[in-house]
Amino acid sequence: GSTLSVPVPVEGLPWGRLLTRAVAPNAFTPADAEALTMIAAVLGAAIERDLVDRAQEAVAGCGRFALQHDVADTAQHVVAVLHHLLQTRWAALARAHPERTTLQIAEAAGAIRAGEEWSPQAPSGPTASAPVMRDGQLWGRLLVGDLGHRRFTPREEKVVDALARILTSAVDRSDQP
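Take a look at the structure:
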């Protein structure tokens with residue numbers, strides 16, 4: 246038989262492959278390849294929309310959580326939401342460091358900007374960073390690091406920004422230093 250395979254693009258990167266088989270040898274024409282490529286693009290767009298919907302739902306749920314809990318609980322919930330949304334990225338961290346059973350919020354040394362190494366103690370990789378404010382002043386930064394070699398997508402950076410705004414509101418409501 247013959248096989249025709251095309252990548253399914255999600256956010257400009259291959260997410261998987263769409264595979265078609267035929268019993269006859271050399272059964273596929275260039276028009277078939279073009280049609281399968283268009284189907285893969287539609288599938289990729291549907292996956293992207295699902296990722297956006299899930300991220301918006303998770304961020305909204307985190308905002309509702311923050312209104313009912315203190316800063317410490319909200320921070321832990323933000324970590325859980327990030328873990329859920331970026332689970333494929335964090336799977337690499339779990340494989341590289343099986344001794345770490347959960348993501349950790351650690352004190353970072355020095356100023357770290359997006360794209361730089363995210364901790365002198367942790368493996369380097371891409372980062373996404375957003376400010377957490379208190380009374381209009383920089384209180385800290387939400388810094389998300391990854392071991393992968395692929396940069397954070399604009400959608401993922403927007404999620405980090407939204408979660409930093411949730412932390413900002415939780416910190417502003419707090420009477421703790």
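Numbering (our numbering), first residue to last: 246 to 422. Ideal Cβ positions, reconstructed from N, Cα and C, are used throughout, including at glycine. All values derive from a computational prediction rather than experimental measurement.
Quiz item: Going by the beta-carbon positions, is the gap between Val-405 and Trp-384 smaller than 8 Å?
Solution: In this structure, the beta-carbon distance from Val-405 to Trp-384 does not fall below 8 Å.
Practice problem: In angstroms with no decimal places, state the Cα-to-Cα distance between Ala-276 and Ser-247. | Solution: Computed Cα separation, rounded: 15 Å.
Quiz item: Rounded to the nearest angstrom, how far is the Cβ of Leu-408 from that of Leu-327, given a contact under 8 Å?
Solution: Indeed they touch by this definition, with Cβ atoms about 7 Å apart.
Quiz item: Considering only the beta carbon of each residue, do Leu-388 and Thr-398 sit closer than 8 Å?
Solution: Here Leu-388 is not near Thr-398, since their CB atoms are 8 Å or more apart.
Quiz item: Is the closest heavy atom of the ligand MG to the C-beta of Arg-386 under 7 Å?
Solution: Ligands are entirely absent from the displayed structure, and the ligand MG is therefore not among its contents.
Quiz item: In three-state terms, what does DSSP make of Val-268?
Solution: Coil.
Practice problem: Taking only the alpha-carbon atoms, compute the straight-line gap between Glu-402 and Met-378 and give it to the nearest angstrom. | Solution: Looking at the two C-alpha atoms, the distance is approximately 17 Å.
Quiz item: What residue range is occupied by the uninterrupted alpha helix (DSSP H) comprising Thr-372?
Solution: Counting along the chain, Thr-372 falls outside any alpha helix (DSSP H), though it belongs to the beta strand (DSSP E) covering 372-379.
Quiz item: Using CA coordinates, which residue listed in Leu-249, Asp-298, Gln-313 is at the minimum distance from Ala-285?
Solution: That would be Leu-249, whose Cα lies nearest to the Cα of Ala-285.
Quiz item: Taking C-alpha atoms, which residue in Leu-330, Val-251, Arg-266, Ala-303 lies nearest to Trp-260?
Solution: Checked all of Leu-330, Val-251, Arg-266, Ala-303; the closest Cα to Trp-260 is Val-251.
Quiz item: How about Ile-411 and Gly-306: do their beta carbons lie closer than 8 Å?
Solution: Not in contact: Ile-411 and Gly-306 (Cβ atoms no closer than 8 Å).
Quiz item: How is Arg-309 classed by DSSP in three states: helix, strand or coil?
Solution: Secondary structure at Arg-309: helix, using DSSP grouped into helix, strand and coil.
Quiz item: Taking the alpha-carbon positions, what's the Gly-381 to Ser-414 distance?
Solution: C-alpha separation (whole angstroms): 11 Å.
Practice problem: Please name the residue or residues paired with Thr-282 in a DSSP beta bridge. | Solution: Answer is none; Thr-282 lacks a bridge partner.
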